[in-house]
Amino acid sequence: MAGLKFDDMAPRVISAKTHSIIDYVHAATNFAAAAMFRRRDRRASWAAFALGASVLGNALMTDYELGVFRLYSFKVHGILDYSVAAASALMPKLLDLDGAEAAYFYGQGGGETTIAAMSDYDDDAGARRLPRRINPNFERWRAA
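What follows is the structure, given as structure tokens:
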């Protein structure tokens, strides 16, 4: 999907609905990690919170079955998933984290990459295709 070699090799076995459920669980996991890291490392806590907020925001704005605002397509969501994965994997270096905190962010980055690679971003089940939605070709706006 994103032109990455491993992305083309992975089987597309995760549907849009399953992916949306995974997204909300992923966001909740990051919020829980933020709470757990709060006393040990404030930087890791804020990073986990920011990561959870970005995952939640991406899920809420996607035009799929459990999306709320439905501003952009599931394909655009997939591109943003890879951005979240990269941000997750960079957190330990950017914030000079080590130990359990670093392992958590590396795991989140790897898990997000795996889920993104296995998701079928062509699955439009549950999409409403609202007017003025940003389409996957990055045209400014389009009618339904």
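Position in the sequence shown (first residue = 1) + 545 = this note's numbering. Just so it is clear, CB atoms sit at the ideal spot from N, CA and C, and this is done for glycine as well.
Exercise. Count the other CB atoms, across all protein chains shown, that sit within 10 Å of the CB of MET636; report buried if there are 16 or more and exposed otherwise.
Key: Position 91 of the sequence shown, counting from 1, holds the residue named residue 636. Classification for MET636: buried.
Exercise. Would you mind sorting LEU639 into buried or exposed? The rule is 16 or more other CB atoms within 10 Å of its CB.
Key: Residue mapping note: residue 639 aligns to position 94 of the sequence shown, counting from 1. Classification for LEU639: exposed.
Exercise. Give the DSSP bridge partners of SER664, in chain order.
Key: In the sequence shown, counting from the first residue as 1, residue 664 sits at position 119. Paired residue(s): ILE559.
Self-check item: Length of the line joining the Cα atoms of GLY671 and ALA595
Solution: What you label residue 671 is simply residue 126 of the sequence shown in a count that begins at 1. What you label residue 595 is simply residue 50 of the sequence shown in a count that begins at 1. When rounded, the distance between both Cα atoms is 28 Å.
Practice problem: Pull up the distance between the alpha-carbon of ALA689 and that of ARG674, whole angstroms please. | Solution: As a working note, residue 689 is residue 144 in the sequence shown. As a working note, residue 674 is residue 129 in the sequence shown. Caution applies to ALA689, whose pLDDT of 48 falls short of 50 and renders its modelled position unreliable; the value that the coordinates give is listed next. Those two C-alpha atoms are separated by around 6 Å.
Practice problem: Answer with buried or exposed for ALA589, where buried requires no fewer than 16 other C-beta atoms within 10 angstroms of its C-beta. | Solution: What you label residue 589 is simply residue 44 of the sequence shown in a count that begins at 1. Buried, since its Cβ has 16 or more Cβ neighbours within 10 Å.
Quiz item: Cα-Cα, which of ARG587, TYR627, HIS622 is closest to ASP669?
Solution: Here residue 669 is taken as the residue at index 124 of the sequence shown, counted from 1. For the residues ARG587, TYR627, HIS622, the minimum Cα distance to ASP669 belongs to HIS622.
Exercise. Go through its chain and collect everything with a Cβ distance to LEU611's Cβ below 6 Å, but skip five positions before and after it.
Key: Residue 611 sits at position 66 when you count from the first residue of the sequence shown. Closer than 6 Å at Cβ, skipping near neighbours: SER565.
Quiz item: Rounded to a whole number of angstroms, what is the C-alpha to C-alpha distance between ALA757 and ALA578?
Solution: Only positions 546 to 689 of the chain appear in the structure, and residue 757 is not among them; the question remains open.
Self-check item: Through-space distance from SER664 to MET554, alpha-carbon basis
Solution: Residue mapping note: residue 554 aligns to position 9 of the sequence shown, counting from 1. Residue mapping note: residue 664 aligns to position 119 of the sequence shown, counting from 1. Approximately 12 Å between the Cα atoms of the pair.
Quiz item: From ARG583 to TYR627, what distance separates their C-alpha atoms?
Solution: Counting from one through the sequence shown, the residue named residue 583 turns up at place 38. Counting from one through the sequence shown, the residue named residue 627 turns up at place 82. ARG583 and TYR627: Cα-Cα distance of roughly 26 Å.
Quiz item: Per DSSP, what kind of secondary structure is TYR627 in: helix, strand or coil?
Solution: Looking up residue 627 in the sequence shown gives position 82. Here TYR627 sits in helix by DSSP.
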